[in-house]
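As structure tokens, the structure follows; a few thoughts come after it.
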Amino acid sequence: MENFQISAWAGAGQKVLRSLNLRSEEVERTVLMFLVYTLTSVGLIWLELSTVGLFLDEYGADKMPYIYIASAFIGSGLGFVYSWLQKILPLRRTVVVVLGMMSVPLFLFRFGIGYENTKIAGISIAFITIFLMWLWVEACYVLNDLNTSITSNQLFNIREIKRTYPLVSSGYLVAGVVSGFSLPVLLHVVGLKNVTLISGLMVATGSLLLYYLTEKYYQAFPETAHWTDDDEDDDQQEFTARKVTGPLQKYAVPLVSFFVLAEVLYVLVDFQFYSQLEYQNPGDGASWIASFLGIYEGIQGLFQVATQWFASSRLVERIGVFVTAVILPAGIAILGVLTIGASLGQLVSVFIGLILLRFLDELLHYTLLETVSPVLFQPIPDNIRSGIQTLVNGVGEPLSCGVTGVGILIMLWVTDKILPRQDEKAFHDQQSLIFIGAIVVLALVWVFVVWLIRSQYVGLLVKSAERGRLGVTDVDLKALKRAVVETLQKPGGEDEKRSCIELLTQIDPKNVGEVLAPILDSLSPGLQRQSLETMLQHPNPAYLQAVRALSQQSLPPEVLALALRYIWLTEAEPNIDSLRPYLQPTVDPVVRGTAAALIMRRGDRQQKAEATNTLRQMLTHKQERERVMGTRALGEADYLQGLRLHIPNLLQDESLRVRCALLDVISSTHSEEYYPSLLRGLGYKSTREAALQAIVKLHNDAIPLLVYLAEDIHKSDLVRLQAWTALGQIGTPEAIDILVSNLMTAWGTTRRNILRILLKMPSEAGIEGALDRIGRSGLETLIEQELMFIGQIYAGLVDLSGVTTYGNFSDRDINTTGAPGNDTAQLLQRALAGLEADAKERCFLLMKFLYPLDTVQAAAFNLASGQPSLVARGLEILDNTVDIARKRSLINLLDQHSEREKLSNLSELMVYKPLAPSDRLRRLLELRHFLSDWALACCFHLAREARWSLTAQQTLVCLQHPTGFVREAVLAYLKIASPRALVELLPRLQNDPDNLVSAQVEEMMAELGAGGKR
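According to the numbering used here, numbering within the sequence shown proceeds without interruption in unit steps and concludes at 1014.
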């Protein structure tokens, strides 16, 4: 019963994790980061709301523009400080120090607030303190977001962060709810001026929790301070900036304007909201303002959390990115106009309208806008995307905030001059209406900017598709479909249009007919053929009329055959008689074969007999094209009837095209008795590609055959590779299960091949499949296995290094014949060095499952160069990217140290004990399953020359090795080590499948006189 309850809890936990799109190994890090971000955000929101209350009560909203202007310089200054800290401290110390530094001034602010009557240069200390408090809040928000982003990027790899960061970032929204509803209670308990102390305590608690997190996952952070060549970085930025020209520049300008206008409108709405709030103050001071803002923040936070968790992503999927992006500016414009009209008609006050306006802006700014922002950057090439994002977030937004502050001051001065001031409330209402009018105008400009972005986005999507660099998982599908239609309808190169169809097929294969069917008749024959082939993968009766209309035109035979096939696959009751004219010998073989196959699918007995006779004539025709088309038609017929009799002859046909076409027929008709022919086809270069495609078409039915072939150690490595490749191209969950399970047990070349196949699977299906099945911990275990194996290689290289000279042998390793020759020992050492290189390659392949492919590839390229400067760069890349538990061992292993130093660095994984050369050789043979065939053969050759004894088990097992030259090496060793045993074994090896081995056996039998003992 207890076990059942544990199982039930585990099952419930897995369901919760799936609903949150998390894996179990990510939970702890995600929860801790969420808590850090939430705690610090709660403290900062408390501080912000209390600061606003104090500022508005004491000094009024007309001083706020100075806050906006001053905050424009904070971003660049803090960025400089953060960068400087990274140069003098390791990153895991930097993130904690920054968070701790955020909390220190919060405790000091409390003392400055009380000095209302003490002045410096005519300005009270309290005003300076509250002004600095507001600026510090703005600075802390920037630092907190930056700190959270950097820490999350270190704790989670590129694939994990897509799942975890939305949950981590929602900590701010949750903090808004918690801090908002708790602030009135906090004000009642500790008072407004003491809130800074509580805020500082919350931020300090967050920094302590972050310290615990960075210590627990220390391997996720680089050990040394970050260093970069500033001049080189500046040159690189200048170089990439120069590339923003042409269509890309036309896109970048409105893109930057999009985010600038978002910030400008946010600041304007924010200012007017606080300005009206100041005049709504009933007179009981800053506590009322802070309490009101707390309740407002709590209610707004509830809506933000609900929108972000349950609505944002779904809304983008349903209505598209650009319709979603228009919602906020359109909503602001509409609500602004309604506010102006209602206020002039005295239906509602300006304050109510501004509450709704700010609520809408805050709600959608931090939910929908944050959701669509990454997608808008997607068409920009990777090499300059980060530069554009830095321009937007690091320069554009802070600068626009300062410029807006200056604009507000100018508008306040102008309205103060032109508006009458008989009634103070009426004056401020009129002033607010002017500001709201400006907000409406800017919102309409924002809508226009969204339209500009959308038009350029379409063009860049097409060019990105043509160059094959578009990330298909992050684009706006509706915009992409519009882009494809516009590209296909306008005059242009066929290659560009072909690439668009291919990309659309990759993204949305089931609904590709929705785009292609209406424009079929306007496409070129080549594109018509490609479109029909794509649509036939998922035939849909909804597009039947469009294809039928196309079939009535004069079409090339290949296109007409595809159209006929589509019609008869989607039509409920096709007219078979309309196909019979196509059976005439004068009709092109492509159309004739297709018509015959379709009739065999759905015709009556007489019609099928006629179609069968047509195909029989084609299959026995003297012309190769007739036989090829007839054979292809067999694959489209559900029932082969008597035509099966022709398959054996066709398998022996002199035409390679016929034989390849027949392999596809075997797959299409699921003719199980001929499946061995598919497997045999993998062994021949001429039929390999056709056999591979035919096997892949069988999907899961082919898996048992492929597993049998792939695991047969007596097959060549090339054939086994084709079997693994076929499993990868099948790509079903069952095929991925087989690949991942074999990944855990295979070694050497097989493991490398499986890793490459999984990495090449489209849409990262292999990567995600491996992570789903064995998780991050499983991949780390595989890396540790490789590191331990490399340790055994180093132990062999160190202990066998003395084999090259006689003086390094121990007494028991030397016999009357002397020391082994240098050549054999060096062969083994080179073989071991090759195994080391292979193991390192597998380590890099495994890391590609956890980290960005280009980053791992860049590190591998630099390390392979051998130049000290490039090796150092490669090691730094890994230090800043890798976060596995054995990171230090891996990095030290890749550094330019001696084998002995590397062995000492691997002490956590394996304990090295020096052994005599003969003992080390026997130890290597115990690891024979991990050695390459050549290294294994070298071990026996060295043992033969050195006259070292090996165990009987090692010798007999390797005598049955599937590789011929390994068996040769064992026989040569036995001839020296145990001639008597060899005489007994030779008769059994006389029929060895390897000609060289059998010749060697015959020679030894003649030499040793073993022939009579058979």
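Just so it is clear, CB atoms sit at the ideal spot from N, CA and C, and this is done for glycine as well.
Treat the numbers as computed from the prediction; the structure is a model and nothing was measured.
Own chain residues within Cβ distance below 7 angstroms of residue 139, not counting five before or after: Start at 1 with the first residue of the sequence shown, and residue 139 comes out as number 139. Within the same chain, residue 139 has close Cβ partners 74, 78.
Nearest candidate by alpha-carbon position, reference residue 131, set 167, 60, 484, 418: Residue mapping note: residue 131 aligns to position 131 of the sequence shown, counting from 1. Of the listed residues, the one whose Cα sits closest to residue 131 is 60.
Residue 684 classed as buried or exposed, judged by whether at least 16 other C-beta atoms fall within 10 angstroms: Position 684 of the sequence shown, counted from the start, is the residue given in the question as residue 684. Its Cβ having fewer than 16 others within 10 Å, residue 684 is exposed.
Residue 191 versus residue 258 - alpha carbon distance: In the sequence shown, counting from the first residue as 1, residue 191 sits at position 191. In the sequence shown, counting from the first residue as 1, residue 258 sits at position 258. Each residue's Cα considered, the two are about 41 angstroms apart.
Best match in 707, 959, 956, 972 for proximity to residue 943 [C-alpha to C-alpha]: In the sequence shown, the residue the question calls residue 943 occupies position 943. Comparing C-alpha distances from residue 943 to each of 707, 959, 956, 972 shows the shortest one belongs to 972.
Residues near residue 401 by beta carbon distance below 7 angstroms, same chain, minus five either side: By 1-based counting over the sequence shown, the position of residue 401 is 401. Within the same chain, residue 401 has close Cβ partners 68, 71, 72, 263, 267.
Residue 576, enclosing alpha helix (DSSP H) - first and last residue: Along the sequence shown, read from residue 1 onward, the residue named residue 576 stands at position 576. DSSP places residue 576 in no alpha helix (DSSP H); its state is neither H nor E.
Residue 90 (DSSP reduced to helix, strand or coil): In the sequence shown, the residue the question calls residue 90 occupies position 90. Judged by DSSP in its simplified three-state form, residue 90 adopts strand.
Chain-order list of residues whose beta-carbon lies under 6 angstroms from that of residue 607 (same chain, five-residue window excluded): Counted from its first residue, the sequence shown places residue 607 at position 607. If we look at residue 607 and ignore the five residues flanking it on each side, its Cβ neighbours are 576, 599.
Contact check, residue 989 vs residue 1008, beta carbons under 9 angstroms: As a position in the sequence shown, residue 989 is number 989, starting the count at 1. As a position in the sequence shown, residue 1008 is number 1008, starting the count at 1. Not in contact: residue 989 and residue 1008 (Cβ atoms no closer than 9 angstroms).
Option in 429, 828, 558 with minimal Cα separation from residue 412: Numbered from 1 along the sequence shown, position 412 holds the residue referred to as residue 412. Here the closest residue by C-alpha is 429.
Residue 627 versus residue 619 - alpha carbon distance: Here the question's residue 627 lines up with position 627 in the sequence shown. Here the question's residue 619 lines up with position 619 in the sequence shown. Cα to Cα, the separation comes out at about 5 angstroms.
Extent of the continuous alpha helix (DSSP H) to which residue 333 belongs: Your numbering for residue 333 matches position 333 in the sequence shown. In the DSSP annotation of this structure, the continuous segment of the alpha helix (DSSP H) that includes residue 333 starts and ends at 321-344.
Burial state of residue 1005, where buried means 16 or more other Cβ atoms lie within 10 Å: As a first step, residue 1005 must be located in the sequence shown, where it is residue number 1005. Per the 10 Å Cβ criterion, buried.
Same chain, Cβ closer than 6 angstroms to residue 351, neighbours up to 5 away in sequence not counted: In the sequence shown, residue 351 corresponds to position 351, counting from 1. The residues are 276, 280.
Chain-order list of residues whose beta-carbon lies under 8 angstroms from that of residue 904 (same chain, five-residue window excluded): Taking the sequence shown and counting its residues from 1, one reaches residue 904 at position 904. Taken in chain order, the residues that qualify are 912.
Secondary structure of residue 842, DSSP reduced to three states: Start at 1 with the first residue of the sequence shown, and residue 842 comes out as number 842. DSSP, read as helix, strand or coil, puts residue 842 in helix.
Beta-carbon spacing of residue 301, residue 174 below 9 angstroms: Locating residue 301 in the sequence shown gives position 301, where the first residue counts as 1. Locating residue 174 in the sequence shown gives position 174, where the first residue counts as 1. Yes, the Cβ-Cβ distance between residue 301 and residue 174 is below 9 angstroms.
Pair within 9 angstroms by beta-carbon distance, residue 164 and residue 110: Start at 1 with the first residue of the sequence shown, and residue 164 comes out as number 164. Start at 1 with the first residue of the sequence shown, and residue 110 comes out as number 110. Result no, Cβ atoms of residue 164 and residue 110 do not sit closer than 9 angstroms.
Given residue 580 as reference, the closest of 569, 602, 572 once Cα atoms are compared: As a working mapping, residue 580 is identified with position 580 in the sequence shown. Residue 580 has its Cα closest to that of 602, out of 569, 602, 572.
Exposure of residue 144, with buried meaning 16 or more beta-carbon neighbours within 10 Å: For the purposes of this step, residue 144 is taken as the residue at position 144 of the sequence shown. That one is buried.
Cβ-Cβ distance between residue 34 and residue 207 below 9 angstroms: Taking the sequence shown and counting its residues from 1, the one referred to as residue 34 is at position 34. Taking the sequence shown and counting its residues from 1, the one referred to as residue 207 is at position 207. No; because the gap between Cβ atoms is not below 9 angstroms, this pair is not in contact.
For residue 445, the nearest candidate out of 214, 778, 326, 732 (CA to CA): Position 445 of the sequence shown, counted from the start, is the residue given in the question as residue 445. Ranking the options by Cα distance to residue 445, first place goes to 326.
Distance between residue 356 and residue 336 (C-alpha atoms, nearest Å): Within the sequence shown, the letter at position 336 stands for residue 336. Within the sequence shown, the letter at position 356 stands for residue 356. When rounded, the distance between both Cα atoms is 9 angstroms.
Residue 874 and residue 892 closer than 9 angstroms at C-beta: Translated into positions along the sequence shown, residue 874 becomes position 874. Translated into positions along the sequence shown, residue 892 becomes position 892. No, Cβ-Cβ distance for residue 874 and residue 892 is not below 9 angstroms.
Test item: CB-CB of residue 319 and residue 443 under 9 angstroms: Within the sequence shown, numbered from 1, the residue matching residue 319 stands at position 319. Within the sequence shown, numbered from 1, the residue matching residue 443 stands at position 443. Taking 9 angstroms as the cut-off, the Cβ atoms of residue 319 and residue 443 do not count as close.
Exposure label - residue 329; buried when at least 16 CB within 10 Å: Working through the sequence shown from its first residue, we reach residue 329 at position 329. Its Cβ being crowded by 16 or more others within 10 Å, residue 329 is buried.
Unbroken alpha helix (DSSP H) run spanning residue 200, endpoints: Residue 200 sits at position 200 when you count from the first residue of the sequence shown. Boundaries of the alpha helix (DSSP H) around residue 200: 195-216.
Cβ-based burial, residue 57 [other Cβ within 10 Å; buried from 16]: If you number the sequence shown from 1, residue 57 lands on position 57. Its Cβ being crowded by 16 or more others within 10 Å, residue 57 is buried.
Neighbourhood of residue 894 by C-beta distance below 6 angstroms, restricted to the same chain and skipping five residues each side: Counting from one through the sequence shown, the residue named residue 894 turns up at place 894. For residue 894, the CB contacts under 6 angstroms within the same chain, skipping 5 residues up- and downstream, are 863 in chain order.
Where residue 990 sits in the DSSP three-state scheme: The residue you call residue 990 lines up with position 990 of the sequence shown. Coil, per DSSP.
Cβ neighbour criterion (16 or more within 10 Å) applied to residue 772: As a working note, residue 772 is residue 772 in the sequence shown. By the neighbour-count rule (16 or more Cβ atoms within 10 Å), residue 772 is not buried but exposed.
Terminal residues of the alpha helix (DSSP H) in which residue 916 lies: In the sequence shown, residue 916 corresponds to position 916, counting from 1. Secondary structure note for residue 916: it is in no alpha helix (DSSP H), with a DSSP letter that is neither H nor E.
Backbone CA spacing between residue 763 and residue 731 [nearest angstrom]: Numbered from 1 along the sequence shown, position 763 holds the residue referred to as residue 763. Numbered from 1 along the sequence shown, position 731 holds the residue referred to as residue 731. So the alpha carbons of these two residues sit roughly 11 angstroms apart.
Contacting residues, own chain, Cβ-Cβ under 6 angstroms from residue 221 (five flanking each side not counted): Stepping through the sequence shown from its first residue, residue 221 is reached at position 221. Excluding sequence neighbours, residue 221 sits near 91, 92, 154.
Contact belief for residue 562 with residue 521 at Cβ below 8 angstroms, rounded distance in angstroms: Counting from 1 along the sequence shown, the entry for residue 562 is found at position 562. Counting from 1 along the sequence shown, the entry for residue 521 is found at position 521. Actually they do not touch by this definition, with Cβ atoms about 14 angstroms apart.
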